[in-house]
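Undergrad: Protein chains in written order, with my numbering: chain A, 2 to 345; chain B, 2 to 345.
Virtual Cβ for every residue (Gly too), placed ideally from N, Cα, C.
Predicted model only: the values in this text are computed from it and were never measured.
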DNA sequence: GCGACCAGTGTGAACGCTCACACGCCCGCA
DNA sequence: TGCGGGCGTGTGAGCGTTCACACTGGTCGC
């Protein structure tokens, strides 16, 4: 297989010039560039990526550690990150952590001296007290998700409180006053469930409405459709009137909608339903689901951008490291059929 | 940062010996190995992966080209492949092709001289006439999915015909005689839709039952829930009696179930429903969905194994390339609540 | 007791590229 | 005319590892 030296010989230039042309060095005469490219084409030369990585110390590969791709939210997030990365010529190595602590620790180890320039990490099993693990890492790292770890690490997160509050407000604006919550967790203290619940609380409080605990639908960590149906059933069975539902994710919402409809309740006429995440499913449910778009696309793009900037910083020695970023993606309600039009 | 030479000096051996120890070469005396490992620990040495890749020509990374991770089937497939690869110490670089021809062609180009040792490729946009593109590739390639391309390439596929036939038989065995099909495609000729339809046909034929075209529910390529509901509605609106449904994937089945239930039909008492793919959703739908498990897990593991074998073959020059493999994964019906018990 | 053989280790040469540096050349300005 | 500076290109030195091969010393068979 042809090497750079072969191309250089063929184009009658030095190896360095070939390298310059191929890595986009600006100061190459057009005629020279053309000669080199012609030689490349003639020999069917393709650059040896591994040699370039080895010598330059940069692989152009970033790691992505997420719990599980089978979950639509993470699958779609991965798609976004892959496309953002690709638009900058970066490849992505995905490391599923399986919701386990060991998996997440392993993902943190991978990049060391490896073929990965940086890591985008969506933690699910690490807890606050693991913060220190993130401080001593010698590679660029961007954290995704709602939990705040070490303040010395860049975070790109979503507006959980605002999102849940907006979802609740949407129903309140339409005159709904008996709004159930689907997806309450017993165990968690700082994750998305409690933050989203806080948003719900704030919305009610702002209107002087008391939280009715009978409206709280509990689930376990697996926010699946069946749990949504079950929690919805529990709430309805308590006899409390319900005219709205805020579900902590879309799968729960779809399950809740099933339960409501199987009891003859009309959506949105009798009960309005709002989900969270804006996964593809919510566009295809019946009725289609109003949901909170947490800015997944934005999160992906910003995370990749921040990571790129950090990767850049470690290259030019002049650049002083900027302070850690805490970026909150723009949240947005996507109104579909499952909620009534606002009445003001 | 420490290099192998530092370790060698510290352990008082040659660089080669350190290399031997670190790459698991068997002929190293225990005492020597211990000394080397002690030196490694003392210096906090970690091997430079990129140098190793460069020199050895192997990266330990395999590519995975799938249309889209956001689709549960592919997300779950990717999880399986990642875990299979990881159990052999391989990393996976995912290349989403976005259901486009260009995306798929790009994915085929990536591994050339790159940091990927081989490719697992699930084509969705390439057609039969693109076969020749796959013949001239100079890296190990395993194709996934139902379509047969070049006979010179390894394929790991699912039993589409058998699966659909078994799904249909399940309903026939329970005495159902008016079985609708959800997911018929106008455009396609050799893909999973037509193969699955063939299975349906065969099952009816074996019992001497004519296909009633009013029972065929048409969709576009996007096998989403809403299309399932729509196709189901079309069939029901035609006035034909229906006591069973074979849907070409689980999302379609869930949509169909919604439509049936909203018309007051009980599942499985009035209508039995079978899906295809066994995605996580089918375990959480209401009722839970009987479906065809196409052997996704097996497909993933076998694909990785075949790829590893091919990667091995190109290393030891002695090995003659084995003939291309066509592997059909074991298909299996997963009976859940949406189908009646067989009456024999 | 001699050579064949093999485990165990060392030597030196790549692998193909990028990087720091050097050098010539041309342009513009004094 | 002289000179500085930047553009365009070349030179040579590695980057850290693995690989082919060479070597040593002991074991085994006859």
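Taking residue 262(B) as the query, report the chain A residues whose CB atoms sit under 9 Å from its CB, ordered along the chain.
TA: Going along chain A in sequence order, the residues near residue 262(B) (Cβ under 9 Å) are 259, 262 and 263.
Undergrad: Write down the C-beta distance between residue 3(B) and residue 44(B) rounded to the nearest angstrom, noting that I regard them as a contact closer than 8 Å.
TA: With a Cβ gap of about 4 Å, residue 3(B) and residue 44(B) count as contacting.
Undergrad: Specify, as a first and last residue, the run of the alpha helix (DSSP H) that residue 355(A) falls within.
TA: Outside the displayed span of chain A (2 to 345) sits residue 355(A), for which this structure offers no information.
Undergrad: From residue 157(B) to residue 16(A), what distance separates their C-alpha atoms?
TA: Rounded to the nearest angstrom, the two C-alpha atoms are 43 Å apart.
Undergrad: Are the beta-carbon atoms belonging to residue 95(B) and residue 93(A) less than 9 Å from one another?
TA: Contact: yes.
Undergrad: So with CB distances below 7 Å, who are the chain B contacts of residue 225(A)?
TA: Simply 285.
Undergrad: Tell me whether residue 185(B) sits in a helix, a strand or coil according to DSSP, three-state version.
TA: Residue 185(B): strand per DSSP, three-state reduction.
Undergrad: Could you give the residue range of the alpha helix (DSSP H) that holds residue 296(A)?
TA: Looking at the DSSP string, residue 296(A) is not in any alpha helix (DSSP H), and its letter there is neither H nor E.
Undergrad: Helix, strand or coil for residue 46(A)? Go by DSSP, reduced to three states.
TA: Correct three-state label for residue 46(A): coil.
Undergrad: Could you check whether residue 58(A) and residue 91(A) sit closer than 9 Å to each other, using their CB atoms as the reference points?
TA: No, they are not a contact pair.
Undergrad: In whole angstroms, what is the alpha-carbon distance linking residue 215(A) and residue 236(A)?
TA: Those two C-alpha atoms are separated by around 6 Å.
Undergrad: Taking the DSSP output, what are the residues bridged to residue 333(A)?
TA: Residue 333(A) pairs with 294(A).
Undergrad: By the three-class DSSP mapping on this structure, what secondary structure does residue 126(A) have?
TA: Coil at residue 126(A), not helix or strand.
Undergrad: Using DSSP with H/G/I as helix, E/B as strand and the rest coil, what is residue 245(B)?
TA: Note: residue 245(B) maps to strand in three-state DSSP.
Undergrad: Let me check understanding here. Comparing Cα to Cα, which of 176(A), 152(A) and 296(A) lies closest to residue 270(A)?
TA: That would be 176(A), whose Cα lies nearest to the Cα of residue 270(A).
Undergrad: Applying a beta-carbon distance threshold of less than 9 Å, which residues of chain A neighbour residue 97(B)?
TA: Correct list: 79, 80, 83, 84 and 87.
Undergrad: Does any CB atom of chain A fall closer than 9 Å to the CB of residue 184(B)?
TA: Chain A, which has no Cβ nearer than 9 Å to the Cβ of residue 184(B), makes this no.
Undergrad: For residue 1(B), go through chain A and note every residue whose CB falls closer than 7 Å to its CB, in chain order.
TA: Examination of residue 1(B) is not possible in this model, given that chain B is present from 2 through 345 alone.
Undergrad: Of all the options 148(B), 109(B), 141(B) and 27(B), which has the alpha carbon lying nearest to the alpha carbon of residue 128(B)?
TA: If we check each option's Cα against that of residue 128(B), 148(B) comes out closest.
Undergrad: Considering only C-alpha positions, which residue in the set 70(B), 13(B) and 41(B) is nearest to residue 23(B)?
TA: For the residues 70(B), 13(B) and 41(B), the minimum Cα distance to residue 23(B) belongs to 41(B).
Undergrad: Label residue 83(B) either buried or exposed according to how many other C-beta atoms from any shown protein chain fall within 10 Å of its C-beta, with 16 as the threshold for buried.
TA: By the 10 Å Cβ count, residue 83(B) comes out buried.
Undergrad: For chain B, find out if any of its Cβ atoms is closer than 9 Å to the Cβ of residue 277(A); answer yes or no.
TA: Not an interface residue.
Undergrad: Would the segment 333 to 342 of chain A and the segment 136 to 144 of chain A be scored as touching if the rule is three or more Cβ pairs under 8 Å?
TA: The answer is no - the segment 136 to 144 of chain A does not touch the segment 333 to 342 of chain A, with fewer than three Cβ pairs under 8 Å.
Undergrad: Closest to residue 217(A) by C-alpha separation, out of 194(A), 208(A) and 225(A), would be which residue?
TA: When only C-alpha atoms are compared, the closest one is 194(A).
Undergrad: Return yes when the Cβ of residue 144(A) is within less than 9 Å of the Cβ of residue 154(A), no when it is not.
TA: Taking 9 Å as the Cβ cut-off, residue 154(A) and residue 144(A) qualify as a contacting pair.
Undergrad: Would you kindly work out how many angstroms separate the C-alpha atoms of residue 103(B) and residue 64(B), rounded to a whole number?
TA: Whole-angstrom Cα-Cα distance: 17 Å.
Undergrad: For residue 293(A) and residue 30(A), what's the separation of their Cα atoms in angstroms?
TA: When rounded, the distance between both Cα atoms is 53 Å.
Undergrad: Going along chain A in order, which residues have a C-beta closer than 8 Å to the C-beta of residue 60(B)?
TA: 51 and 116, listed in chain order.
Undergrad: Looking at the strands, I want to know which residues DSSP matches up with residue 51(A).
TA: Partner(s): none; residue 51(A) has no beta bridge.
Undergrad: Along chain A, which residues have their Cβ under 7 Å away from the Cβ of residue 249(B)?
TA: Going along chain A, no residue has its Cβ under 7 Å from residue 249(B), so there is no contact; the nearest lies around 15 Å.
Undergrad: From residue 355(A) to residue 51(A), what does the alpha carbon distance come to, in whole angstroms?
TA: A question about residue 355(A) goes unanswered here, because the residues of chain A that appear run from 2 up to 345.
Undergrad: State yes or no: is the C-beta of residue 1(A) within less than 9 Å of the C-beta of residue 169(A)?
TA: A query on residue 1(A) cannot be resolved here, the shown segment of chain A reaching from 2 to 345 and no further.
Undergrad: Strictly below 8 Å CB to CB, what residues from chain B border residue 73(A)?
TA: Within 8 Å Cβ-Cβ: 71, 73 and 76.
Undergrad: Could you pull the DSSP bridge partners for residue 158(A) from this structure?
TA: Per DSSP, 329(A).
Undergrad: If you compare alpha carbons, which of 117(B), 312(B), 202(B) and 97(B) is closest to residue 213(B)?
TA: Selected option, being the one with the closest Cα: 202(B).
Undergrad: Write down the C-beta distance between residue 305(B) and residue 86(B) rounded to the nearest angstrom, noting that I regard them as a contact closer than 8 Å.
TA: The Cβ separation is near 5 Å, so the contact holds.
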